[in-house]
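Student: Just dropping this structure here.
Numbering (the numbering used here), first residue to last: 2 to 250.
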């Protein structure tokens, strides 16, 4: 009788929460939101592939992304970036555009000094941080939203810096990012929620009572631990027949 009704309110709470509720939490409120979002982005680009190299198409996509940036302040729709299903298509399109015009992009970057790019990125990072603080003051539910307008510019600036560095063969050899990055992304939240939390639990740490330097130190150590363990696990998986699960071939 509950199944026929199709009304979540009529379903047993435990059953609904353990199935449909869990599905939506994983898709929209965990780091696995990226998978569905990425598939939607790819689908949109494939549907409109004959327009993919047109500036107008890129303009429409960037306007969609900016809409989500503005929505942070007005909440016309849910503000969480994990629900911004059409907010990230522009960045895949931008990657396609850069690849098509890679020689011109590299030529432009060669005209810019490392010092200039680094200074610009430091300024953009500061602006992105200030916007986060401002959103906190406004009691926005997702102040760390990656589609903050300042964070968009900061992300593009950091991407430009990475392009400026070039291949970085040492990084390629040590980290093997083409085969481990997606695995690290998939694994890191599991390590945070199931491993790190149990390690720090006995210490009864409270960020609210810690000094700024203690918080920074804790954050750095937390990053090193989680990243290193995620990387090692990802590398182990790439040596098994299940490597396809983390995007490795």
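Using N, Cα and C, we set each Cβ at its ideal position, and we do this for glycine too.
(1) Hey, how far is the Cα of residue 41 from the Cα of residue 231?
(2) Return the Cβ separation of residue 198 and residue 162 in integer angstroms, given the expectation that the two are a contact with Cβ distance under 8 angstroms.
(3) State whether the region 176-185 contacts the region 232-240, with contact taken as three or more CB pairs (one from each stretch) at a distance under 8 angstroms.
(4) Are there 16 or more other CB atoms within 10 angstroms of the CB of residue 2, so buried, or fewer, so exposed?
(5) From residue 225 to residue 51, what does the alpha carbon distance come to, in whole angstroms?
(6) What does the Cβ neighbour count give for residue 185, buried or exposed, with the cut at 16 atoms within 10 Å?
(7) The alpha helix (DSSP H) that contains residue 199, what's its start and end?
(8) Any chance the region 118-132 sits against the region 91-107, with 3 or more Cβ pairs inside 8 angstroms?
(9) Please go through the same chain and pick out, in chain order, the residues whose beta-carbon is closer than 6 angstroms to the beta-carbon of residue 90, but skip the five residues on each side of it.
(10) What did DSSP end up calling residue 79 once you bin it into helix, strand or coil?
Tutor: Working from what's here:
(1) Taking the first residue of the chain shown as 1, we reach residue 41 at position 40. Taking the first residue of the chain shown as 1, we reach residue 231 at position 230. If I take the Cα positions, the gap works out to 26 angstroms.
(2) Walking along the chain shown from the start, residue 198 turns up at place 197. Walking along the chain shown from the start, residue 162 turns up at place 161. No, residue 198 and residue 162 are not in contact; Cβ-Cβ is about 33 angstroms, not under 8 angstroms.
(3) yes
(4) Taking the chain shown and counting its residues from 1, one reaches residue 2 at position 1. Legend: pLDDT at residue 2 = 35, less than 50; position of this residue unreliable, value from coordinates given subsequently. Residue 2 should be labelled exposed.
(5) Translated into positions along the chain shown, residue 225 becomes position 224. Translated into positions along the chain shown, residue 51 becomes position 50. If you take the alpha carbons of residue 225 and residue 51, they lie about 44 angstroms apart.
(6) One-based indexing of the chain shown puts residue 185 at position 184. Burial call: buried.
(7) The count along the chain shown starts at 1 and reaches residue 199 at position 198. That run of the alpha helix (DSSP H) goes 198-201.
(8) no
(9) Walking along the chain shown from the start, residue 90 turns up at place 89. Once the five neighbours on either side are set aside, the close Cβ partners of residue 90 are 42, 45 and 62.
(10) Residue numbering aside, residue 79 sits at position 78 when the chain shown is read from its first letter. In the structure shown, residue 79 sits in coil (DSSP, three-state: anything other than H, G, I, E or B).
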